[in-house]
Every structure is written in structure tokens, then in C-alpha cells.
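Visitor: Quick one: this structure, given as C-alpha cells, is what I'll be asking you about.
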Amino acid sequence: MIHQIQTGKLVGNGKFGKVYDGIYRGEKVAIKKFSANHSNSWKRETEVYQAASLKNPCILQWVGSDEQTVMQIPEYWLITEYLELGNLFDYLSNTAVNDVIAIQLMRSLINGISYLHTEIRSGYSYKPRIVHRDIKPTNILVRNNFTCVIADFGLAIYCYYNDVSHEAASQIKGTPRYCAPEKLQNSSLSKKFPSMLEQDVYSLSLVLWEICQRMEWLKNNQMLESFVEIIKEAWHENGTVRPTALKIRNILDKVITDNHLNVFSV
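Residue numbers for the sequence shown follow our numbering, beginning at 8 and rising by one.
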């Protein structure tokens with residue numbers, strides 16, 4: 008597969024490697040190159056995409072994975088769709104976001120997390136529940152229609168027919184700034200799959216709050232009051248109190264409906 012790709016310019020640097028744009032079979036793609044010491048993250052991300060058949064507009068679409076050796080140094084490639092607006096952190100830092108776009112970003116992000124957390128059985132197809140474990144603005148991309156796309160599954164874990172895809176790790180996974188308290192404390196309970204779902208919701212709430220801070224309505228209007236309250240509930244120190252991503256989405260949908268907002272549906 009690598010030999011069919013025309014690599015372009017460097018467009019980003021991440022914890023696990025560098026990202027380039029490129030052309031594959033006439034289509035623009037993103038190429039994430041993992042170094043040898045991060046091969047486990049490449050394997051994990053590839054495994055999640057292969058096992059889960061992730062097909063959702065709020066999830067970064069995988070094109071394929073491959074590996075090669077350059078001057079006796081192994082190199083691991085993950086090829087995905089290319090999104091020119093980049094990640095959410097840069098987008099919010101460099102772009103004036105109006106209130107409707109902010110709500111659109113939040114709704115699509117919540118939809119993506121809800122999709123990951125939901126087991127889906129349909130005929131012969133099956134999507135396991137997935138926890139991301141590293142939800143933060145730099146791991147979320149933005150489409151041209153101002154919807155969020157969840158990326159970077161190098162730390163993800165899936166529960167396939169109640170069989171969790173890992174053995175509990177002793178070290179903390181994720182970015183401390185967005186980690187739930189129980190995760191930072193590295194408690195035995197925090198390594199259980201249900202607790203990991205709650206930890207994802209905690210991280211989600213912090214990202215939603217960052218988007219909310221860009222909204223004039225939040226400062227001048229009571230319209231979002233119920234939504235703000237559930238965001239605060241989602242970062243509760245007790246994980247069992249936190250709402251599911253689906254419940255958060257339902258509250259936001261009510262805000263959208265009650266206020267007749269024209270928000271792009273995903």
C-alpha cells in the first residue's frame with residue numbers, strides 16, 4: 008500500500024509520530040507515521056479500526072495501515088481521510104466561532120462519543136463498545152461542515168461481546184489535563200470497562216466546556232442553562248453520577264429544538 012501513496016508535506020506532529028498529507032488512488036489522505044518505539048500504538052489503532060468497523064461521520068475514516076523499513080529503521084503508517092481544517096484546538100484558537108457553529112461542534116462530538124460507547128448489532132455486522140481514553144481537543148478534527156471527528160485511537164480499548172481487548176494496565180493512560188480523578192488516582196476500579204466509559208464522559212465534558220466558552224449565548228442568555236448543568240454533572244468527581252454521552256446529547260437536542268436552531272444533523 009505504501010508504494011501506491013504519494014507523500015506530500017508535513018502537516019502535524021503528535022505524541023506518536025508525524026502526520027503528512029498525500030495522495031492515494033487519486034484521493035487526498037492523511038498519513039500518520041509512527042516511529043519504532045510507538046509501534047504498539049500503531050498496532051492498537053489498526054486493531055481497533057479492523058475489529059470495530061467504525062463507520063460514522065463523527066469518526067475519522069480509516070483507509071489502511073502498512074509498514075516498511077527505511078535505512079534499517081522500521082516505519083509504521085496509518086492512512087486516513089484528510090481533513091484540511093485540522094484539529095479542534097487549533098480551530099478554536101485561530102477561528103471566530105459563532106454560537107450555531109459551536110453547538111454544531113458540540114453535538115457532533117457528543118454523537119461520536121455516544122457511537123463509540125454503544126454496542127451495535129445489525130445482521131452479520133457488529134460494533135463493540137469502545138473507550139477512547141484520550142479525548143482532548145488535539146485528538147478531535149473538524150470537517151468543512153463544522154462538525155467534529157474523533158481521531159487517534161492509539162490508547163483505545165474495545166469490549167467485544169463482553170470480552171475486553173486488553174489486560175488492565177498499571178500506568179495512567181491519556182493526558183492528565185483531561186483525565187478523571189479516579190484515573191489519576193490509578194484506582195483498581197478505574198481499570199474496569201464501565202469506569203473507563205465514565206472517564207471518557209469526564210474528558211468529553213471538559214472539551215464541551217472549552218467550546219462553550221466561545222459562545223456569547225452562554226454569557227447573555229439562559230437558553231443553554233440545562234446543557235451547562237449536565238456538563239457540570241459530567242465532570243462530577245464520582246464517576247457513577249456522570250450522565251452517559253447519549254443523555255448529554257438528548258439535553259442538547261432539546262435546546263436545539265426549543266430554540267429552533269438550524270444545526271447540521273450528523
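Think of the CB as a built atom: it goes at the ideal place given N, C-alpha and C, for glycine as much as any other residue.
At which residues does the alpha helix (DSSP H) containing residue 47 begin and terminate?
Guide: Counting along the chain, the alpha helix (DSSP H) containing residue 47 begins and ends at 46-59.
Visitor: Could you tell me whether the stretch 135-155 touches the stretch 102-113, where touching means 3 or more Cβ pairs closer than 8 Å?
Guide: Verdict: yes, contact present.
Visitor: From this set, 218, 213, 194, 71, which residue's C-alpha is nearest residue 182's C-alpha?
Guide: Closest by alpha carbon: 213.
Visitor: Give the DSSP-derived three-state secondary structure of residue 248 in the structure shown.
Guide: helix
Visitor: Would residue 24 and residue 40 be called neighbours here (beta carbons separated by less than 8 Å)?
Guide: yes
Visitor: Mapping the DSSP letters down to three states, classify residue 188 as helix, strand or coil.
Guide: Helix, per DSSP.
Visitor: Opposite residue 41 in the DSSP bridges: which residues?
Guide: 24, 83
Visitor: What three-state label does DSSP hand residue 196 in the structure shown?
Guide: helix
Visitor: So residue 107 is in the alpha helix (DSSP H); what residue range does that whole segment cover?
Guide: DSSP places residue 107 inside the alpha helix (DSSP H), whose first and last residues are 106-124.
Visitor: Hey, quick one: how far does the alpha helix (DSSP H) through residue 180 stretch, first residue to last?
Guide: First-last for residue 180: undefined, no H or E at that position.
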